[in-house]
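Participant: Supplied in C-alpha cells, the structure appears directly below.
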Amino acid sequence: MAVNSIDPIDIGTLRTLVLVYDLQSFSAAAKRLDVNQSTISYAIERLRGALHDPLFVRNGNGVTATERCAALVGWARDMIGEIDGLAAPAEFDPATAEGSVTISCNYHERQTLIPRFTARLRAGAPLVRLVLLDAAGHGDVHLKQNQCDIVLGPVGIVGDNFFRRHILTDHYVCVMDPANPLARGRIALSAYAKAEHVFITHSGEWEPLYLEALRVKQIEIEPVVSLPNHDSLERIIAGTRLVATIPHHLARAMRGGLHVAALPFRVPISIDMYWSARTAKSGLHKWARGLLAEEARAYAA
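Residue numbers for the sequence shown follow our numbering, so the first one is 19 and each next one is one higher.
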C-alpha cells in the first residue's frame, strides 16, 4: 500500500504555501511570483495530497487557511528563514558587494537615522540598493512575510526566529508656534490638557504612546486637527495656537521654525532594530545593521 509523505515537498512549495497564506489569494501569490495561477494551484495540490487536508477554503474572492494549514505555515516560515540564513554569504567586501537592504520604518526614523545611514551605505557599498518601506504599524508583517530585512521603530516582534537590538531611546516633546502663549515657560499639565492639539494618526494604523500615558492619568484630550503623518506639521502649526506632541529627535530634525517645549510628563520611546534568521548571518546585512547602530549612537550623542 502506498504511503503519502511530505518528504518530496521542496522549499519552493513551502514558499508558495506561505505566500498564499499571507496574501489570502492564489491569484495574488501568482502575481507576486510572476507565474501562472495554475503553478500556484499545482504546488498547493501537492501539499493537500501529502497532508490529507484542504489547507485553504474559498472565502469570497480570497481563501482562508484551515487550522492545520496555519500550523504548517508557522513551521515552514521558520524553516525558510533558517535555510535562507544558511545560504547567505557570511563574508563580503562592501566595495564590491551587490544586493539590497530593505528597511521598514516610520517617518521618525526616515527623518533622523536614515539620511546619514544612506550616505554611509552609498559610500561604503556603492553597488548595494537601499529600499525603504513605510512601516505604518505593519513592520512586523513586513518582516514575517520577508518583505524587508530590517524593521526600525517602537514595535515589539517576538518569536524564536527574530532578533532584536535596542539602538535609541527617544521621548515626547511639544512643538508650537513661537508666539503661542504656552511657549513662554514650562507647560503645566492642566494647560497642556486644555491646549488646541494636533494628532498624528499614522493613517489610523498606530497610536502614539503618550495617549495611553494620559489615559492612565485619567486625562482625555481631543484633537482640533488630525493629520495622517508628520510631513505637513510645521506648515500647519505656524501662525496658530496648535500644539503637537512628537518625538524629541524628530523635533530636532525640523528646520527650527517651531518652538520646542518639554512635555509635562515623560514618556520614553524605545527605537529597536529587528531582523530574522533569514539575514542573521548575511555579511551584507550584518554590516548594514552595524551602520544603523553606529548612526543611532552618533545621533543620540
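We treat Cβ as the ideally placed atom computed from N, Cα and C, and that holds for glycine. Fair warning: this is a prediction, and the values are worked out from it, not measured in the lab.
Is residue 192 helix, strand or coil when you go by DSSP?
Facilitator: Here residue 192 sits in strand by DSSP.
Participant: Can you check whether the CB of residue 125 is closer than 9 Å to the CB of residue 260?
Facilitator: No.
Participant: Does residue 145 pass the burial test, meaning 16 or more other C-beta atoms within 10 Å, or should it be called exposed?
Facilitator: Classification for residue 145: exposed.
Participant: Assuming residue 294 and residue 161 are in contact, meaning their beta carbons sit under 8 Å apart, how far apart are those beta carbons, in whole angstroms?
Facilitator: Confirmed, about 6 Å.
Participant: Could you pull out every residue in the same chain whose Cβ sits closer than 7 Å to the Cβ of residue 188, ignoring the five residues on either side in sequence?
Facilitator: So the qualifying residues of the chain are 265, 266, 267, 287 and 289.
Participant: From the DSSP output, in three-state form, read off residue 123 for me.
Facilitator: Residue 123 falls in the strand class under three-state DSSP.
Participant: For residue 302, which residues of its own chain have a beta-carbon under 6 Å away from its beta-carbon, when the five flanking residues on both sides are left out?
Facilitator: 110, 115 and 117.
Participant: Rounded to the nearest angstrom, what separates residue 166 and residue 134 at their Cα positions?
Facilitator: Approximately 20 Å, taken between the alpha carbons.
Participant: Among all the DSSP beta bridges, which residues are the ones paired with residue 82?
Facilitator: DSSP lists 75 as partners of residue 82.
Participant: Measuring CA to CA, which of 282, 254 and 292 is closest to residue 275?
Facilitator: Minimum Cα distance to residue 275 is reached at 254.
Participant: Near residue 278, which residues of its chain fall below 6 Å by C-beta distance, leaving aside the five closest residues on each side in sequence?
Facilitator: These residues qualify, in order along the chain: 191, 193 and 269.
Participant: Based on DSSP bridge pairs, tell me the residues matched to residue 286.
Facilitator: Residue 286 pairs with 189.
Participant: Given that a residue counts as buried once 16 or more other Cβ atoms are within 10 Å of its Cβ, and exposed if not, what is residue 225?
Facilitator: Classification of residue 225: exposed, given that the 10 Å Cβ count is below 16.
Participant: Alpha carbon to alpha carbon, how far is residue 113 from residue 204? Give it in angstroms, no decimals.
Facilitator: Taking the straight line joining both Cα atoms gives about 51 Å.
Participant: Specify the secondary structure class of residue 318 as computed by DSSP and reduced to three states.
Facilitator: Residue state, collapsed to three classes: helix.
Participant: Are the beta-carbon atoms belonging to residue 86 and residue 96 less than 9 Å from one another?
Facilitator: No.
Participant: Quick one: what does DSSP say residue 116 is sitting in, helix, strand or coil?
Facilitator: Note: residue 116 maps to coil in three-state DSSP.
Participant: For residue 241, name the three-state secondary structure that DSSP assigns.
Facilitator: Of the three classes helix, strand and coil, the one that applies to residue 241 here is strand, per DSSP.
Participant: Any idea if residue 19 is buried or exposed, counting beta-carbon neighbours within 10 angstroms, 16 or more meaning buried?
Facilitator: Confidence at residue 19 is low in this model, with a pLDDT of 36, below 50, so the placement of that residue should be treated as unreliable; the coordinate-derived value is given next. Exposed, by the Cβ-count rule.
Participant: Determine the burial state of residue 208: buried for a count of at least 16 other Cβ atoms within 10 Å of its Cβ, exposed for fewer.
Facilitator: When all chains shown are included, residue 208 counts as exposed.
Participant: Taking the beta strand (DSSP E) that residue 265 falls in, what are its first and last residues?
Facilitator: Residue 265 -> beta strand (DSSP E) spans 260–265.
Participant: Does the segment 67–84 touch the segment 36–47, meaning 3 or more C-beta pairs lie closer than 8 Å?
Facilitator: Cβ pair count under 8 Å is three or more, so yes.
Participant: Starting from the Cα of residue 309, find the closest Cα among 185, 31, 215 and 221 and give me that residue.
Facilitator: Looking at the Cα atoms, 185 is the closest of the given residues.
Participant: Which residues share a DSSP beta bridge with residue 146?
Facilitator: Residue 146 pairs with 117.
Participant: Is DSSP giving residue 171 helix, strand or coil here?
Facilitator: The answer is strand: DSSP assigns residue 171 an E or B state.
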